[in-house]
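A.B. asks: The structure's right below; bear with me while I get my questions together.
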Amino acid sequence: KQEVTQIPAALSVPEGENLVLNCSFTDSAIYNLQWFRQDPGKGLTSLLLIQSSQREQTSGRLNASLDKSSGRSTLYIAASQPGDSATYLCAVNNFNKFYFGSGTKLNVKP
Amino acid sequence: EPEVTQTPSHQVTQMGQEVILRCVPISNHLYFYWYRQILGQKVEFLVSFYNNEISEKSEIFDDQFSVERPDGSNFTLKIRSTKLEDSAMYFCASSEERLFSGNTIYFGEGSWLTVV
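Those protein sequence lines, which keep their order, are chains A and B. Final position of the first sequence in the numbering used here is 1013; the numbers increase by one with none missing. Final position of the second sequence in the numbering used here is 124; the numbers increase by one with none missing.
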């Protein structure tokens, strides 16, 4: 069964810092990987989707990479802002369902 | 931007009662899902639904659970004989096509179920 792990579980950084969130998965037979953002008591918002054939995707200050063979993905956030404070979830797609990690809770201090 | 809407946002129910969680997926989407998140745990897949039938379900989704698309817009999750351990946030989601082809999945804001 696919297991998804995210490190660190929590991260607190000062505003303006660049940061990296890590995700690893045990079964490399995935179709794609998505990074989501979850605000407290809210739903999940898709940030970036990387197909298994891709190495990275970028959206604004966010860059996600995928190394499928080693079972790793990273989410890079540039010039962090207080509004980035949220929980970031990594999810890997196995045909038509996602396996989620436990998330990284990010706090960006003004 | 189109969105998935869920009702109720929060429901408290007595153990043993039946609850129905409702969802309105995005109108042109064909695939529908329910996920749940027990407090402090991972988001986990329950069921996927396409063409008026279940296409895949997890081992969690036993006879206590059922899904239905009663009309052209709603998608419901019914939980019978609720137990304390059913307390969780239930997320409905939809996608235009199957996820393996790289389609984005859109989640609703969730229905928080508390069983007392």
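Note that CB positions come from ideal geometry on N, CA and C, so glycine has one too. Predicted model only: the values in this text are computed from it and were never measured.
What would DSSP say about D930 (chain A), mapped onto helix, strand or coil?
C.D. replies: The residue given as residue 930 (chain A) occupies position 27 in the first sequence. In this structure, D930 (chain A) counts as coil in the three-state DSSP scheme.
A.B. asks: Return helix, strand or coil for P985 (chain A), following the three-state DSSP convention.
C.D. replies: Numbered from 1 along the first sequence, position 82 holds the residue referred to as residue 985 (chain A). Correct three-state label for P985 (chain A): helix.
A.B. asks: Below 8 Å on the Cβ atoms is my contact criterion, and I expect D94 (chain B) with V123 (chain B) to pass it. Report the Cβ-Cβ distance as a whole number of Å.
C.D. replies: Walking along the second sequence from the start, residue 94 (chain B) turns up at place 86. Walking along the second sequence from the start, residue 123 (chain B) turns up at place 115. Yes, D94 (chain B) and V123 (chain B) are in contact; Cβ-Cβ is about 5 Å, under 8 Å.
A.B. asks: Only counting the same chain, and skipping five residues up and downstream in sequence, which positions put a Cβ closer than 7 Å to that of Y98 (chain B)?
C.D. replies: What you label residue 98 (chain B) is simply residue 90 of the second sequence in a count that begins at 1. Within the same chain, Y98 (chain B) has close Cβ partners L29, W42, R44, L85, G118, S119 and L121.
A.B. asks: Less than 7 Å between C-beta atoms, sequence neighbours within five positions excluded: which residues of the same chain meet that for S949 (chain A)?
C.D. replies: For the purposes of this step, residue 949 (chain A) is taken as residue 46 along the first sequence, with counting starting at 1. Result list for S949 (chain A): Q937 and F939, in chain order.
A.B. asks: Roughly how far, in whole angstroms, is the beta-carbon of T90 (chain B) from the beta-carbon of G24 (chain B), given that I think they are within contact range, below 8 Å?
C.D. replies: Position 82 of the second sequence, counted from the start, is the residue given in the question as residue 90 (chain B). Position 16 of the second sequence, counted from the start, is the residue given in the question as residue 24 (chain B). That belief holds up - the Cβ atoms of T90 (chain B) and G24 (chain B) are roughly 7 Å apart, short of 8 Å.
A.B. asks: Could you check whether the Cβ of I34 (chain B) sits closer than 8 Å to any Cβ belonging to chain A?
C.D. replies: The residue labelled residue 34 (chain B) in the question sits at position 26 within the second sequence. So, not an interface residue.
A.B. asks: In angstroms with no decimal places, state the Cα-to-Cα distance between D954 (chain A) and S109 (chain B).
C.D. replies: Residue mapping note: residue 954 (chain A) aligns to position 51 of the first sequence, counting from 1. Residue mapping note: residue 109 (chain B) aligns to position 101 of the second sequence, counting from 1. Note on residue identity: the sequence assigns Gln, not Asp, to residue 954 (chain A). For Q954 (chain A) and S109 (chain B), the distance between alpha carbons rounds to 8 Å.
A.B. asks: Which residues does DSSP list as the beta-bridge partners of A994 (chain A)?
C.D. replies: Stepping through the first sequence from its first residue, residue 994 (chain A) is reached at position 91. DSSP lists A:Q937 and A:F1003 as partners of A994 (chain A).
A.B. asks: Alpha carbon to alpha carbon, how far is I46 (chain B) from N966 (chain A)?
C.D. replies: For this step, residue 46 (chain B) is matched to residue 38 along the second sequence. For this step, residue 966 (chain A) is matched to residue 63 along the first sequence. Between I46 (chain B) and N966 (chain A), the C-alpha separation is close to 29 Å.
A.B. asks: At the level of alpha carbons, what is the spacing between P33 (chain B) and N925 (chain A)?
C.D. replies: Your numbering for residue 33 (chain B) matches position 25 in the second sequence. Your numbering for residue 925 (chain A) matches position 22 in the first sequence. If I take the Cα positions, the gap works out to 31 Å.
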